[in-house]
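Asks: Questions regarding the structure given below will be posed in turn.
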Amino acid sequence: PFRSQPSTRRQTDRRSSQRHTMPQRIKYFLMANKQGQTRISMYFDDIPVENRYITEAHIVRKCLSRTNQQSTFFEFEDHKIVYRKYASLYFIAGIDSQTNEMAIYEFIHSVVETLNTYFEDVCELDIMLNLEKAQIVLQEMIANGKVVETCKGYVLQPLKV
């Protein structure tokens, strides 16, 4: 009698869905200026408060010291750092080693575009004078270390009141 072979497509689908469910975690998100001062910090992992200042200072110094020819991704302790520089601000994300660097790199760009839309050309002064609004934008985009929204319209909805 003829036996049907198991579907290889079903096995492939299962493998690809496992690949897409890997944890994509942001451990922390920082905004810092060219002088190395942290303007916003959001932590999604349990990092003791006393270690945060030292860690932030080390990471920001490392980002500031890198040249334009160097990659904007690098290893730091047990995770990776992805950063982008816009004018005088550095946007820095600490991510798990399994997280896709390019996805976070593009996410940082989405954050900056959203802030630009709200503040009409965001600058460091806008962030400092409207810290709570900048935090709301980030909280709408990141929850528990996961990117939850990138659509500017949806992210800015709570601020239109």
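Position 50 (the sequence shown) corresponds to 79 in our numbering; numbering is contiguous. Cβ atoms here follow ideal geometry from the backbone N, Cα and C, with glycine treated the same way. Fair warning: this is a prediction, and the values are worked out from it, not measured in the lab.
(1) With a threshold of 8 Å, are at least 3 pairs of Cβ atoms found where one atom belongs to the region 178 to 188 and the other to the region 140 to 155?
(2) Would you check if the region 76 to 90 and the region 165 to 183 touch, i.e. whether three or more CB-CB distances between them fall below 8 Å?
(3) Suppose only complete runs of 4+ residues qualify. What are the alpha helix (DSSP H) ranges in the region 84 to 151, listed by chain order?
(4) Closer than 8 Å is the cut-off here; do at least three beta carbon pairs connect the region 146 to 165 with the region 120 to 132?
(5) Please report the distance separating the alpha-carbon of residue 128 from that of residue 114.
(6) Less than 7 Å between the C-beta atoms of residue 105 and residue 111, yes or no?
(7) Out of 125, 116, 136, which has the shortest C-alpha to C-alpha gap to residue 74?
(8) Count the other C-beta atoms from every protein chain shown that fall within 10 angstroms of the C-beta of residue 176, then say buried if there are 16 or more, exposed otherwise.
(9) So who's on the other strand from residue 165, going by DSSP bridges?
(10) Report the partner residues of residue 59 according to the DSSP bridge assignment.
Replies: With the given structure in hand:
(1) yes
(2) no
(3) 130 to 148
(4) no
(5) For this step, residue 128 is matched to residue 99 along the sequence shown. For this step, residue 114 is matched to residue 85 along the sequence shown. One C-alpha to the other measures close to 20 Å.
(6) On the sequence shown, residue 105 is found 76 positions in, with the first residue counted as 1. On the sequence shown, residue 111 is found 82 positions in, with the first residue counted as 1. No, they are not a contact pair.
(7) Counting from one through the sequence shown, the residue named residue 74 turns up at place 45. If we check each option's Cα against that of residue 74, 125 comes out closest.
(8) Locating residue 176 in the sequence shown gives position 147, counting from the first residue. Classification of residue 176: buried, given that the 10 Å Cβ count is 16 or more.
(9) Locating residue 165 in the sequence shown gives position 136, where the first residue counts as 1. Residue 165 is not bridged to any residue.
(10) Reading the sequence shown from its first residue, position 30 is the one you call residue 59. Residue 59 pairs with 70, 121.
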